[in-house]
Amino acid sequence: SDFWRMIWETNSTCIVMMTKLEERNRLKCDQYWPSRGTETYGSIQVTLTDFIELASYSIRTFTIAWVRLRDRL
């Protein structure tokens with residue numbers, strides 16, 4: 001949740017991941033986004049809105065929103 005809070009607080013518009021999740025059967029990075037739909041990380045709701053897979057990279061588009069505690073109960 002710290003990652004998405006940083007994205008929210010800094011008004012970031014682009015995230016670049018320079019590695020695959022797994023390379024040569026070794027975990028290189030944890031997946032910090034939802035595979036589909038919406039997930040909540042702490043107070044940040046992250047929705048995958050578009051996904052394009054190209055030959056050597058992928059482009060994902062997310063919508064993020066601040067979720068108040070009472071909205072999550």
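Be aware that the sequence shown starts at 1, since it is given in the UniProt record's numbering, and climbs by one per residue.
For each residue, glycine too, the CB sits at the ideal point set by N, CA and C.
{"query": "Neighbourhood of T61 by C-beta, 8 Å cutoff - its chain only, sequence neighbours within 5 removed", "result": "L48, T49, D50, F51"}
{"query": "Buried versus exposed, by CB contacts within 10 Å (16 or more), V16", "result": "exposed"}
{"query": "I7 - DSSP class collapsed to helix/strand/coil", "result": "helix"}
{"query": "Local conformation of D50 per DSSP, three classes", "result": "strand"}
{"query": "Residues near C29 in its chain [Cβ-Cβ closer than 7 Å; skip 5 each side]", "result": "M17, T19, L21"}
{"query": "Proximity winner among E23, T13, Q45, relative to S1 (alpha-carbon distances)", "result": "Q45"}
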